[in-house]
């Protein structure tokens, strides 16, 4: 069982333990979000196969660039309100998302909303100007039982279907 990308041939179980928080400007291209996420995972030695979900603020939950990246990764998008995200303690708060969506963090706060270990702090996409940020968290999971605790979130499955998830 591992979430790291392996260089040698092996049979490896990669359970979906990773949550990628994504912040974005309106109109962000799918390719920019996807490249950012893939680069962040690769640079940290993590596998995209271990990503369980993308997480963001609810006002960006229908952003085509985020939805398209989630669809290409084969994962749902989970959203949180700005008020919920503002309650999450993050290492890199910023005035930009506070002014834009009402919370000092989107990427890190959304990734950390239901707990876990921050593996990749907030980073910006390589595009100029950068239109996306991401952060990666390893969610704490026990065999057969999710250990995560925290606030509720709205899940947007690829294809746009919504499901509300309550904390355990």
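Residue numbers (UniProt numbering): 1 to 168. Even glycine gets a Cβ: it sits at the ideal position worked out from N, Cα and C.
#### Entry: Range of the contiguous beta strand (DSSP E) that encloses residue 42
No beta strand (DSSP E) contains residue 42, which is instead part of the alpha helix (DSSP H) from 30–43.
#### Entry: Reduced DSSP secondary structure (H/G/I, E/B, other) of residue 75
Coil at residue 75, not helix or strand.
### Query
In terms of alpha-carbon separation, which member of 109, 117, 137, 45 lies closest to residue 89?
Cα-wise, what sits closest to residue 89 is 109.
### Message
With distance defined between alpha-carbon atoms, name the residue in 65, 70, 23, 56 nearest to residue 81.
### Response
It is 56.
### Query
Using DSSP with H/G/I as helix, E/B as strand and the rest coil, what is residue 116?
Taken through DSSP and simplified to helix, strand or coil, residue 116 comes out as coil.
### Query
With 16 other CB atoms within 10 Å as the buried threshold, where does residue 43 fall?
So residue 43 ends up on the exposed side.
### Query
Tell me which same chain residues have a C-beta within less than 8 Å of the C-beta of residue 69, skipping the five on either side of it?
Sequence-distant partners of residue 69 (beyond 5 residues in either direction) whose C-beta falls short of 8 Å from its own C-beta, in its chain, are 22, 30, 33, 34, 37, 54.
### Query
Helix, strand or coil: which one does DSSP assign to residue 128?
Three-state DSSP puts residue 128 in coil, outside helix and strand.
#### Entry: Three-state secondary structure assigned by DSSP to residue 90
Residue state, collapsed to three classes: coil.
### Task
Output yes or no for whether 8 Å exceeds the beta carbon distance between residue 15 and residue 50.
With contacts defined as CB atoms closer than 8 Å, residue 15 and residue 50 qualify as a contacting pair.
### Message
DSSP has residue 123 in a bridge; who is on the other side?
### Response
DSSP, once it has assigned bridges, lists 134 as partnering residue 123.
### Message
Restricting to Cα atoms, I'd like to know which of 124, 114, 87 is closest to residue 17.
### Response
Among 124, 114, 87, the Cα nearest to that of residue 17 is on 114.
### Message
So, at 7 Å on beta carbons, what are the nonlocal neighbours of residue 124 in its own chain, with the 5 sequence-adjacent residues on each side left out?
### Response
So the qualifying residues of the chain are 130, 133.
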